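Residue numbers (numbering that gives the first Met the number 0): 0 to 416.
Here's the structure we're looking at; comments come further down.
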Amino acid sequence: MADKNTIKECENEKDLCKRQVRAICLHCSKNLCCIHLIEHTQMIEENVRSELNTLADKFNELSSRFNDLSISSDFLEQPFSQLEQWRIDAHNKIDEIIEKKRQEINDKIDEYKKLFTINNTEQLEKINVNKKLIAELIQDTDASHQQISDFQTSIDNTEKYLNSLTTHKINTINHPLIWSVDIHTQHFQSQSMLSINKLRVFNITYIRLDGIIRPHYVNANKDGTMNNLIRVFIQQYPLFEALVRAQPNSTILTDHQPKYDFILPIEVYDHDVRSQYTNDHKLVLISDYESIVFYETSFPLSDHNHPNILMACAFQRLSNKTPFGWPIYLNVPRTKCRGQDVQDALQNVLGNFFPLNPNTDRLLYDAYLSTSINGYTKQTKLNTILQNELDFSKTHVTLFVNIANLIVEQYEQNALI
């Protein structure tokens, strides 16, 4: 016979039962006597039946909702409404740009009229002075050979001036309006996709080391940073390359893939380097009118101990010193850099961007250094300081290269400016 201390009593909740335990409920792990086990089983069955009926009702409700399902009119009409709004915004943007450019052209015309009057007045004053001198010499019948030669030189210069007036013009450099319209679906497994309102098209000019310059239109999250934009550009670049390669007149023969640490992001303004974007520069701070240029570099930018550094190089027309084209970067020694090193670096890359004749290079361009120290700027012809050392730690140095008009015209026919 079992000891009374080891006999378990029934754990029925409704009333106190002293009967000996006969079974354990696997559903709730309670010890029950035979009578209460039957009652407990019936209660569990009723609860389970009630829960199943409730679940069945919910499934019936869900089933009936499927019978009433249809694609909403908003889903079908919204993308067309958005596209129409884009068309309206695009037209407004074009009108805004045209009005702005009209004003710029009028400003250029006013500026030219002033210069036209000033230069013509100066030329006429020179002519009148020479006419007076000639009249005096005719009266005295006394003129030296040098005086006659000077008069002829003055006549030649005036004729050159008059002939140059026929070449004056104001050009509008038109870029193609390739405004991307991307279609994004947000359904089923795509609920995490970026909203269209989060995207912005960035116009980026990519300048490669081999001299190829091409615009790219990159879709990126406008709330990101320059670091994000560079990575998106690299990711989308194979598609850009494939589209260009598919064009009938494409001359691309080899594949090119930008590398993350070999891209220098620069803001270019008026054909010169304005500032360098940092990796954490917020894209929302970039205006629609900023010119974003990605420069391919020959060494990783994160290598701060690299023996070379990048020197900015901008271009001007040799005839009137007006800026044109995209600036480039030269690889020059970080320390003990001489003017000759800058000259060599320029000669190594200039032919990649300009159609120069190797036999006549020196006649087609010249260069000078612009150095800034404590706000003071000094300009020096490069060929006069070939043996001088440049201290980049104390001065800001930019190279300006004056290119002959013939080369400028060929460059502008082939490059997007």
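Here a beta-carbon is modelled for each residue, glycine too, at the ideal position from N, C-alpha and C.
Quantities reported herein were computed from a predicted structural model and do not represent experimental measurements.
By the criterion of a C-beta distance shorter than 6 Å, Arg-18 is surrounded in its chain by Cys-9 and Cys-32, once the five residues flanking it on both sides are discounted. Counting only runs of at least 4 residues, the region 203-284 fully encloses the following alpha helix (DSSP H) elements, listed from N- to C-terminal order: 225-244. The beta-carbon distance between Ile-327 and Leu-363, rounded to whole angstroms, is 17 Å. This is too long to meet the 8 Å contact definition.
In this structure the region 153-170 does not touch the region 130-144; the number of beta carbon pairs closer than 8 Å is below three. The beta carbons of Pro-257 and Ile-233 sit closer together than 7 Å.
In the DSSP assignment, Phe-353 falls outside any beta strand (DSSP E) and carries neither an H nor an E.
Cβ neighbours of Val-407 within its own chain (closer than 7 Å, five residues either side excluded): Arg-316 and Phe-323. As the crow flies, the alpha-carbon of Asn-162 is around 15 Å from that of Asn-404. Shown here, Gln-378 sits in a strand according to DSSP, grouped into three states.
Counting C-beta atoms within 10 angstroms of its own C-beta, Gly-338 has 16 or more neighbours from the protein chains shown and is therefore classed as buried. When beta bridges are read from the DSSP output, Cys-312 appears opposite Ile-327 and Leu-398. Going by beta carbons, Leu-398 and Cys-336 fall outside the 7 Å limit. The shortest CA-to-CA distance from Lys-168 to any of Leu-123, Glu-121, Ile-108 and Asn-129 is the one to Ile-108.
Around the C-beta of Trp-325, 16 or more other C-beta atoms lie within 10 Å, and the residue is accordingly described as buried.
Residue pairing by DSSP puts Pro-332 in a beta bridge opposite Asn-307.
Annotation: Thr-171 is outside any alpha helix (DSSP H) and is labelled neither H nor E by DSSP. Judged by DSSP secondary structure, Glu-124 falls within the alpha helix (DSSP H) whose first and last residues are 72-139.
Excluding sequence positions up to five before and after Tyr-160, its CB lies within less than 8 Å of the CB of Asn-118 and Gln-122, all in the same chain and listed in chain order. For Phe-293, the uninterrupted beta strand (DSSP E) run begins and ends at 290-295, by DSSP. Here Ala-344 really is in contact with Leu-329; their C-beta atoms are around 4 Å apart, less than 8 Å.
In the assembly as shown, Ala-89 is an exposed residue. Its beta-carbon has fewer than 16 other beta-carbons within 10 Å. Pro-354 and Val-396 have their C-alpha atoms some 26 Å from each other. Here Pro-237 is exposed, its C-beta having fewer than 16 other C-beta atoms within 10 Å. Rounded to the nearest angstrom, the gap between the Cα atoms of His-35 and Ser-63 is 42 Å. By the 16-neighbour rule on beta-carbons within 10 angstroms, Thr-224 is buried.
Separation of Ser-71 and Leu-208 (C-alpha to C-alpha, rounded to the nearest whole angstrom) is 53 Å.
Across the set Tyr-259, Glu-289 and Asp-279, the C-alpha of Glu-289 shows the shortest separation from the C-alpha of Val-272.
The continuous alpha helix (DSSP H) containing Thr-157 extends over residues 144-164. A Cβ-Cβ separation of about 20 Å leaves Glu-266 out of contact with Tyr-259 under the 8 Å criterion.
Per DSSP, reduced to three states, the secondary structure at Thr-321 is coil, with no helix or strand assignment. The three-state secondary structure of Ser-392, taken from DSSP, is coil. The three-state secondary structure of Gln-386, taken from DSSP, is coil. Taking the CA atoms as reference points, Gly-374 sits about 15 Å from Ser-392.
For Leu-51, there is no enclosing beta strand (DSSP E); the enclosing alpha helix (DSSP H) has its first and last residue at 33-66.
Cβ-Cβ distances below 7 Å link Asn-227 to Ala-219 and Asn-220 in the same chain, with the five nearest sequence neighbours on each side left out; the list follows chain order. For Ile-212, the closest C-alpha among the options Gln-386, Asp-365, Glu-411 and Ile-285 is that of Glu-411.
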